[in-house]
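These notes are about the structure you will find just below.
2 protein chains.
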Amino acid sequence: MNAVRTARQRARDELTSAIKAEALRQVVAEGPQRLSLRSIARELGMASSAIYRYFPSRDDLLTALIIDAYDSLGAAVEDVESHVPREYIRARWQALCAGVRTWARQRSQEYALIFGSPVPGYRAPEETIAPASRVAVVLGKLLADGWAAGELRQVQAPPLRPGLAEQAEGVATAIAPDVPSEVLARALVAWTQLFGMVSFELFGHLVGSADPADEFFEHAVGCMADLMGLPAE
Amino acid sequence: MNAVRTARQRARDELTSAIKAEALRQVVAEGPQRLSLRSIARELGMASSAIYRYFPSRDDLLTALIIDAYDSLGAAVEDVESHVPREYIRARWQALCAGVRTWARQRSQEYALIFGSPVPGYRAPEETIAPASRVAVVLGKLLADGWAAGELRQVQAPPLRPGLAEQAEGVATAIAPDVPSEVLARALVAWTQLFGMVSFELFGHLVGSADPADEFFEHAVGCMADLMGLPAE
DNA sequence: CTCCTTAGAGAGCAGTGCTCACAAACAGGA
DNA sequence: TCCTGTTTGTGAGCACTGCTCTCTAAGGAG
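Chains D and P are the protein sequences, given in the same order. For the first sequence, counting from 1, position 188 maps to 188 in the UniProt record's numbering; every step adds exactly one. For the second sequence, counting from 1, position 232 maps to 232 in the UniProt record's numbering; every step adds exactly one.
Next up, the structure:
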């Protein structure tokens, strides 16, 4: 194994990403349904069977795209959230939410790839876990900061059943040390609300009620901030 | 046109539902991806081209399944909710939520059909709207009852921007007359939370945090009940 | 009984994912 | 430098898909 990659390895890397790029192009243009290995091969001027030297199956190609999508979303959210001064906890939450929504609207097919219905029989492989949790990590940090600064208001809510308390504890130790499980349980509620709302907007379930969804989105983000006890501003 | 259906019409109706039944069987067994007109035809002992006398395309068959799924969900939720005494507003909300979740877990492929990513290029046709709103109607009624009985507590929340107020007003006149738009806006938040949570559970996004999700579900339902100002019990 | 509509059959088209045997190109050791 | 084993790319081929077309054979209404 050499630090200088061989010509073969370089070519392989290049073709691998060329295939992914063309695959992504097709998914964006026509949705994952119509992603076709043969047409990728055609576009790249190679035999369709050659693709299989790079991805063992169509599903594996899709999985690669999913990982990239998770990473892209994570990076986008990290970016917008990082531009908010650390002490403005609520603004950081708002930035996180806006980041998710903006990314989702700009790259709806990739969003659908991650948060839409999983392909039947498809089990998310190990390697999706880390990129998938990037956004959650941002939320965890923001809560930890708020808690450490003593800025999280007490919120009246149902007490936690022991199993849930334990689960929340587990999440805490993973991404938000010291934050009480009551807060994390409610954060999980806010979390599912956020993605539920974005999914509904993108998948057309808000047509006829809150579409366009800009103001509704802002309102919901505020409600959830209150639910988590984030400071007023 | 006769009240007595002709033999031909009877045969058509029967075959239409036989096709749908076999299609549903396949979707449940292997997911919508693998639904194949040819294998339906094979299973029914007919030529594949004959299917097209009943459904102009594969997508149309899927649309028919989607409508059935909406109706099935609506009926299930209406049923469990109707067994709760009318005056227990909070219990009715809990029943609604439990009904959605139970149905979703029992018929996850059909749930994915409705709330998963829509097929690209697919626009929900007119005829899906009515069955799609059955569950929403249940929620609307429950809120209207609570409001009429003066049981909805005031909840402190961000004020509504004019556009959202108008949208909420529209929803109100459709399914929950007289209920103030503030309440309905928050109900929409609860609504998206509910389906976001169920989707996350079904699609595996809670693995590693709140899985199994029973207690988390109960907690979230309670939080959302509070958000809407539903009475304590 | 006639005539028109409709249901079904079967061949065929263009496309798919994926496999396999084969031939080049490459990489590293002798 | 040659030689050998591994990688890459090829093209034919299999079994399948959605969908269209033409043709035949059954209803059903007058």
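Don't be surprised by glycine CBs; every beta carbon is placed ideally from N, CA and C.
Burial state of Q193 (chain P) is buried, judged by a 10 Å Cβ sphere holding 16 or more other Cβ atoms.
Against chain P, the CB of D226 (chain D) has a partner CB under 8 angstroms away; the residue lies at that interface. Look at the segment 142-166 of chain D: the residues with a C-beta under 7 angstroms from a C-beta of chain P are A157, P158, L160, R161, G163, L164.
Apart from the 5 residues on each side of it in sequence, Y52 (chain P) has no Cβ closer than 7 angstroms to any other Cβ in its chain. Contacts with chain D (Cβ-Cβ distance below 9 angstroms) from the segment 79-106 of chain P involve no residue at all. With contacts defined by Cβ atoms closer than 8 angstroms, L142 (chain P) and V183 (chain P) do not form a contacting pair. For V183 (chain D), the three-state secondary structure derived from DSSP is helix. Assigned with DSSP and collapsed to three states, T6 (chain D) falls in coil, not helix or strand. For the pair of segments examined, the segment 184-204 of chain P was found to touch the segment 196-214 of chain D: the number of CB pairs separated by less than 8 angstroms reaches three. For F216 (chain P), the enclosing alpha helix (DSSP H) covers residues 214-228. The Cβ of G74 (chain D) sits no closer than 8 angstroms to any Cβ of chain P.
Contact check between the segment 143-153 of chain D and the segment 206-222 of chain D: fewer than three CB pairs, one atom from each, fall below 8 angstroms, which does not count as touching. Non-local C-beta neighbours of V135 (chain P) in its own chain, meaning closer than 6 angstroms and more than five positions away in sequence, comprise G74, V77, ordered along the chain. With three or more CB-CB distances shorter than 8 angstroms, the segment 54-65 of chain D counts as touching the segment 19-38 of chain D. Excluding the 5 residues flanking it on each side, E81 (chain P) has same chain C-beta neighbours closer than 7 angstroms at R92, A95, L96, G99, V138, in chain order.
Around the beta carbon of P162 (chain P), fewer than 16 other beta carbons sit within 10 angstroms, so the residue counts as exposed. For R42 (chain P), the enclosing alpha helix (DSSP H) begins and ends at 37-44. V84 (chain D) carries a coil assignment under DSSP once its states are collapsed to helix, strand and coil.
The alpha-carbon of H205 (chain D) is positioned some 30 angstroms away from that of L164 (chain D).
Contact check for F115 (chain P) against P118 (chain D) fails: the beta carbons are separated by 8 angstroms or more.
Its chain contains L184 as the residues whose beta carbon lies nearer than 6 angstroms to that of V171 (chain D), once the 5 sequence neighbours on both sides are disregarded; these appear in chain order. The three-state reading of DSSP puts A112 (chain P) in helix, counting H, G and I together. Residues of chain D whose Cβ lies closer than 7 angstroms to the Cβ of F55 (chain P) do not exist, since the nearest Cβ in that chain is about 18 angstroms away. Note on geometry: alpha-carbon atoms of D71 (chain D) and P131 (chain D) lie some 5 angstroms from one another. Counted as a single uninterrupted DSSP element, the alpha helix (DSSP H) harbouring T173 (chain P) occupies residues 162-175. In this structure, L152 (chain P) sits away from G208 (chain P), with a CB-CB distance that is not shorter than 8 angstroms.
Interface residue (Cβ-Cβ distance to chain D less than 8 angstroms): G204 (chain P) is classified as such. Of all residues in the segment 181-192 of chain P, only A185, R186, L188, V189, T192 place a beta-carbon less than 7 angstroms from a beta-carbon of chain D.
When the Cα atoms are used, L15 (chain P) and S36 (chain P) turn out to be separated by approximately 17 angstroms. F216 (chain D) is not a Cβ neighbour of A225 (chain D), given a cutoff of 8 angstroms.
In the structure shown, L206 (chain P) adopts coil according to DSSP, grouped into three states. Neighbours of S36 (chain D) in chain P, taken as residues whose beta carbon is under 9 angstroms from its own, are absent, since the nearest beta carbon is some 13 angstroms off. Taking 8 angstroms as the CB threshold, G116 (chain P) lines the interface with chain D.
Cβ contact annotation for E127 (chain P) (same chain, cutoff 7 angstroms, sequence separation greater than five): I67, in chain order.
Rounded to the nearest whole angstrom, the C-alpha separation of P212 (chain P) and A29 (chain P) is 23 angstroms.
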